[in-house]
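Under full-length UniProt numbering, the residue at position 337 of the sequence shown is numbered 337, and the numbers go up by one with no gaps.
We treat Cβ as the ideally placed atom computed from N, Cα and C, and that holds for glycine.
In what follows, a structure is listed as structure tokens, so that the remarks can point back to it.
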Amino acid sequence: MGPHDGIERFTSPGKGRGMRALRDFRLGELLFTCPAYTCVLTVNERSNQCDHCFARKEGLSKCGKCKQAFYCNVDCQKGDWPMHKLECSSMCTYGQNWNPSETVRLTARILAKQKLHPERTSSERFLTVKEFESHLDKLDNEKKELIQTDIAALHHFYSKNLHYADNAALEVLFAQVNCNGFTIEDEELSHLGSAIFPDVALMNHSCCPNVIVTYKGTVAEIRAVQEITAGDEIFTSYIDLLYPTEDRNDRLKDSYFFTCDCKECTTKQKDPAKLEIRKLSEPPSPKTIRDMVKYARNVVEEFRRAKHYKTPSELLEMCELSIEKMGAVFEESNVYMLHMMYQSMGVCLYQQDWDGALKYGQKIIKPYR
Ligand SMILES: [Zn+2]
Ligand SMILES: [Zn+2]
Ligand SMILES: [Zn+2]
């Protein structure tokens, strides 16, 4: 029996194509694995991990030419060359000004891979890259402009080494990457890179998923997090499940263009616990709660962007202000409070402020007891 014998592609009622179990799977059992069709190590992890196999180790050897790609050994360097050559000389030429986004870097690799390997790959047993949904007709102007910016960067940084399709085809490809690309994270959820896993992309979303995707190097492993019975559809989660229903569905709509109808979205059972409100003698009005949720969601998003340009002390101030404001309505176990406290802890750790980190750490741990 091969590793793919227990699952099949099928048409899921109301959802289009999906993946289904052909036999029972126990909790924790591996359903299938999918090697990356192509992947790219994030710039910040350079020299910590091998650019080719993502192994994390000391003493990696660097590309002699650009000195910016790092490898376990000659085999990894050779294996990566068809992809690294897209960037090696360009990085030398542009120096400090070499700054394509990770989406652009990944897309350049897809184009190179398609040329290098036009036949179906072992990552595409159930779904091919060509079949990816693009949802191009649903993109608003802002998203379309972002794609055009990416296309311009692709032309700017990769034109010497890539012969690519016309603008319309590139627009489709970038839209496909936006809704089918994966980010690879380690056990501590720090970002390692981006990748394409076609077979993994076949699975539909649920907020009560029955599988979880983890990564071993550049291979995705799909394991059962619930008992699965033969005939069940296989569901993964596309988003962070920490947040309440409305927030989750806005994220799904914005990135994947659908509204979820899973059990959790219909019953909203876990929302009250996630949105824990302070028990005051005079409870806050529904409008006050709604406004605070809106504020909290904005602050989470604002902070995510601010991380790229604000100083640690500015970031900490932003966290503290928001925690104080939200604290008037939310309990400390509220997910938005937890989120900002977690971010504060991260900033404290970065600044080596151990007392600050400990203060937030203890507050975060409490709700899990
Ligand atoms: Zn390696
Ligand atoms: Zn190089
Ligand atoms: Zn749902």
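Exercise. Hey, how far is the Cα of residue 98 from the Cα of residue 150?
Worked result: Here residue 98 refers to the residue found at position 98 when the sequence shown is read from its first residue. Here residue 150 refers to the residue found at position 150 when the sequence shown is read from its first residue. In a straight line, the C-alpha of residue 98 is about 14 Å away from that of residue 150.
Problem set entry | For residue 44 and residue 93, the rounded distance between their alpha carbons | The count along the sequence shown starts at 1 and reaches residue 93 at position 93. The count along the sequence shown starts at 1 and reaches residue 44 at position 44. If I take the Cα positions, the gap works out to 20 Å.
Exercise. My guess is that residue 191 and residue 38 are in contact by the Cβ rule of under 8 Å, so how many angstroms apart are they, rounded?
Worked result: Here residue 191 corresponds to residue number 191 of the sequence shown, with the count starting at 1. Here residue 38 corresponds to residue number 38 of the sequence shown, with the count starting at 1. Their Cβ separation, rounded to whole angstroms, is 17 Å, which puts residue 191 and residue 38 out of contact at 8 Å.
Problem set entry | Check whether residue 351 and residue 312 have beta carbons under 8 Å apart | Your numbering for residue 351 matches position 351 in the sequence shown. Your numbering for residue 312 matches position 312 in the sequence shown. Against a cut-off of 8 Å, the Cβ pair of residue 312 and residue 351 comes out as a contact.
For this session: Could you have a look at residue 62 and say whether DSSP puts it in helix, strand or coil?
Result: In the sequence shown, the residue the question calls residue 62 occupies position 62. Strand at residue 62.
For this session: Any chance you could list the alpha helix (DSSP H) runs of at least 4 consecutive residues sitting entirely within the region 284-331, in chain order?
Result: 286-306 and 312-326
Problem set entry | Sequence-distant residues of the same chain with beta carbon closer than 6 Å to residue 309, five excluded per side | In the sequence shown, counting from the first residue as 1, residue 309 sits at position 309. For residue 309, where only same-chain residues beyond five positions count, there are no Cβ hits under 6 Å.
For this session: Quick one: give me the first and last residue of the beta strand (DSSP E) that residue 34 is part of.
Result: Numbered from its first residue, the sequence shown carries residue 34 at position 34. Segment 30-35, the beta strand (DSSP E) holding residue 34.
Exercise. Can we count residue 264 as close to ligand 3, meaning its CB is less than 7 Å from some heavy atom?
Worked result: By one-based count along the sequence shown, residue 264 stands at place 264. Answer for residue 264: yes, Cβ within range of ligand 3.
Exercise. Roughly how many angstroms lie between the CA atoms of residue 14 and residue 241, to the nearest whole one?
Worked result: Locating residue 14 in the sequence shown gives position 14, counting from the first residue. Locating residue 241 in the sequence shown gives position 241, counting from the first residue. Answer to the nearest angstrom: the Cα atoms are 22 Å apart.
Problem set entry | Contact set for residue 253: own chain, Cβ-Cβ below 8 Å, skip 5 residues either direction | Along the sequence shown, one-based indexing puts residue 253 at 253. Around residue 253: 259.
Problem set entry | Contact between the region 279-287 and the region 314-324 (3+ Cβ pairs under 8 Å) | no
For this session: Would you list the residues whose beta-carbon is nearer than 5 Å to any heavy atom of ligand 1, in the order they occur in the chain?
Result: 50, 52, 53, 55, 72 and 76
Problem set entry | Contacts around residue 357, its chain only, beta-carbon distance under 8 Å, and the 5 residues preceding and following it disregarded | As a first step, residue 357 must be located in the sequence shown, where it is residue number 357. Excluding residues within five positions, the ones whose Cβ falls inside 8 Å are 345, 348 and 349.
Exercise. How should residue 298 be labelled, buried or exposed, when 16 other C-beta atoms within 10 angstroms of its C-beta is the threshold for buried?
Worked result: Walking along the sequence shown from the start, residue 298 turns up at place 298. Exposed.
Exercise. Shortest alpha-carbon distance to residue 103 belongs to which of 143, 53, 40 and 137?
Worked result: Residue 103 sits at position 103 when you count from the first residue of the sequence shown. Nearest option by C-alpha distance: 40.
For this session: Would you mind stating whether residue 207 and residue 237 have Cβ atoms separated by less than 8 Å?
Result: Here residue 207 is taken as the residue at index 207 of the sequence shown, counted from 1. Here residue 237 is taken as the residue at index 237 of the sequence shown, counted from 1. Their beta carbons are under 8 Å apart, which means residue 207 touches residue 237 by this criterion.
For this session: Could you say which of 267, 324 and 247 lies nearest to residue 294 if we only look at CA atoms?
Result: By 1-based counting over the sequence shown, the position of residue 294 is 294. Per the Cα distances, 247.
Exercise. Expressed to the nearest angstrom, what Euclidean distance is found between the alpha-carbon atoms of residue 86 and residue 52?
Worked result: Reading the sequence shown from its first residue, position 86 is the one you call residue 86. Reading the sequence shown from its first residue, position 52 is the one you call residue 52. Each residue's alpha carbon lies about 14 Å from the other.
Exercise. Whose C-alpha, out of 155, 228, 107 and 264, is nearest the C-alpha of residue 371?
Worked result: Absent from the structure is residue 371, since the part of the chain shown begins at 1 and ends at 369.
Exercise. Among the residues of its own chain, which have a CB less than 7 Å from the CB of residue 10, if the five just before and after it don't count?
Worked result: Within the sequence shown, the letter at position 10 stands for residue 10. Correct list, in chain order: 18 and 20.
For this session: May I ask whether a heavy atom of ligand 3 can be found less than 7 Å away from the beta carbon of residue 255?
Result: To locate residue 255, count along the sequence shown from 1; it is residue 255. Checking the Cβ of residue 255 against ligand 3 gives no.
For this session: Take residue 74 and list the residues in its own chain whose beta-carbon comes closer than 7 Å to its own, dropping the five residues that flank it on each side.
Result: In the sequence shown, the residue the question calls residue 74 occupies position 74. If we look at residue 74 and ignore the five residues flanking it on each side, it has no Cβ neighbours.
Exercise. Does any heavy atom of ligand 2 sit closer than 7 Å to the C-beta of residue 260?
Worked result: If you number the sequence shown from 1, residue 260 lands on position 260. No.
Exercise. Got a sec, what are the start and stop residues for the beta strand (DSSP E) residue 7 sits in?
Worked result: Sequence index remark: in the sequence shown, residue 7 carries index 7 (1-based). 7-12 is the span of the beta strand (DSSP E), which, as asked, contains residue 7.
Exercise. Which two residues bound the contiguous alpha helix (DSSP H) that contains residue 110?
Worked result: In the sequence shown, the residue the question calls residue 110 occupies position 110. Run containing residue 110: 102-116, per the alpha helix (DSSP H) assignment.
For this session: Assign residue 1 to one of three DSSP states: helix, strand, or coil.
Result: In the sequence shown, residue 1 corresponds to position 1, counting from 1. Residue confidence is low: residue 1 scores 46 on pLDDT, short of 50, so the model does not pin down where it sits. No coordinate-derived value is stated.
Exercise. Which residues in the same chain have their Cβ closer than 6 Å to the Cβ of residue 184, if we skip the five residues on either side of it in sequence?
Worked result: Here residue 184 refers to the residue found at position 184 when the sequence shown is read from its first residue. The answer, listed in chain order, is 192, 193, 195 and 215.
Problem set entry | N- and C-terminal bounds of the beta strand (DSSP E) containing residue 194 | As a first step, residue 194 is located in the sequence shown; it is residue number 194 there, counting from the start. Element bounds for residue 194: 191-196.
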